[in-house]
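Peer 1:
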Amino acid sequence: MIEERTFRVRREDLVRYAGASGDFNPIHYSDHVATEMGLPGVIAHGMLTMALAGRAASEWAGGPDRVVELSVRFTAMVPVPDDDDGAAVVVGGTPGETDEDGLVPVALTATCAGEHVLGRAVARVRRDA
Amino acid sequence: MTADPDTLVGQSVVLPGYEVSRGAIREFAAAIGETSPLCHDVDAARAAGYVDLVAPPTFAFVPASRALAQMTDLLHAPLRNQLHGEQGFTHHRPITAGDVLTTTAMLTKVRSSGGRMIVGIDYEITDEAGGPVTTARSTIVVSGVGQ
């Protein structure tokens, strides 16, 4: 098992991720746009949540270069309130048996407020014996 | 009214010349809290056998998303109406600083239902020598279609 970790995602993290990734969709920084789009308010970038899940896999495997495959479904939003606490995303993983390619499949989980925000989240990593 | 989006399935866009800088890798790593020296320290990356800083695995969406934006423009899908449904990456090698990447995006699926459009896109990211770097796929959900 990969021990569960809690990542705090605050509005400032969304701003930083927007700048670093080039994803300036206003639903990730503007409450009025997010609300017009039928969302509960500003939500985190799915790719930021995916990156946090990827970190769980890469840190277990020994580095970001060890992640050969990573795939997820975005099953629920991560609303990020405009306060000092933001949202708490809990990420964990369960490694499987080494496959015929010498890669280890890792089933990843990510939850926010008890709800699964990623589904079918799987990494395949290269890990030294 | 624009052409039926279904007719665009199979359409490709090619986006060459995405230069991966050390700064972009460091800033992306910082934005996701990735502290691995491979992403920040050139000497550490070289000691591990890489030519330069190593990008985190989801960095590949940075060049891919630029090709995605061109594709969603063809579909007349505004950015704010887009939600990410699924994402996958297969890395043939890690992206490193100094790479000059070409992303080819192909529209694989367009399905409309209940005022939404589900869009599938496959990407091939290659380096300057034409070598494979990353294969990726996205599902994007576009809201407010036909309203």
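Protein chains in written order, with the numbering used here: chain H, 3 to 131; chain Y, 71 to 217.
Where a beta carbon is used, it is the ideal one built from N, C-alpha and C, also for glycine.
From 124(H), 18(H), 112(H) and 64(H), pick the residue whose C-alpha is nearest to that of residue 91(H); which is it?
Peer 2: It is 112(H).
Peer 1: Short of 7 Å in beta carbon distance, which residues of its chain neighbour residue 21(H), apart from the five on each side in sequence? Order them along the chain.
Peer 2: Answer for residue 21(H): no residue qualifies.
Peer 1: Where does residue 81(Y) fall in DSSP's three states?
Peer 2: Residue 81(Y) falls in the coil class under three-state DSSP.
Peer 1: DSSP has residue 154(Y) in a bridge; who is on the other side?
Peer 2: According to DSSP, which records beta bridges pairwise, residue 154(Y) is partnered with 210(Y).
Peer 1: Fully enclosed by the region 97 to 126 of chain Y, which alpha helix (DSSP H) runs are 4 residues long or longer?
Peer 2: Taking only runs of at least 4 residues, the alpha helix (DSSP H) segments lying wholly in the region 97 to 126 of chain Y are 107 to 110 and 112 to 117.
Peer 1: For chain Y, check one thing: does any of its Cβ atoms lie closer than 8 Å to the Cβ of residue 18(H)?
Peer 2: Chain Y, which has a Cβ nearer than 8 Å to the Cβ of residue 18(H), makes this yes.
Peer 1: Quick check on DSSP: helix, strand or coil for residue 60(H)?
Peer 2: The answer is helix: DSSP assigns residue 60(H) an H, G or I state.
Peer 1: Judging by CA-CA distance, which residue of 152(Y), 150(Y) and 176(Y) is the nearest neighbour of residue 81(Y)?
Peer 2: It is 176(Y) whose Cα lies nearest to the Cα of residue 81(Y).
Peer 1: So residue 70(H) and residue 126(H) are in contact, right, with Cβ under 8 Å, and what is the actual spacing, rounded?
Peer 2: So it is a contact: roughly 5 Å between Cβ atoms.
Peer 1: Note the first and the last residue of the continuous beta strand (DSSP E) segment covering residue 193(Y).
Peer 2: Per DSSP, residue 193(Y) belongs to the beta strand (DSSP E) from 186 to 196.
Peer 1: Between the C-alpha atoms of residue 75(Y) and residue 180(Y), what's the straight-line distance to the nearest angstrom?
Peer 2: Cα to Cα, residue 75(Y) sits roughly 7 Å from residue 180(Y).
Peer 1: Residue 83(H) to residue 205(Y), Cα distance in whole Å?
Peer 2: So the alpha carbons of these two residues sit roughly 34 Å apart.
Peer 1: Have a look at the DSSP bridge pairing and note the partners of residue 4(H).
Peer 2: 95(H), per the DSSP bridge assignment.
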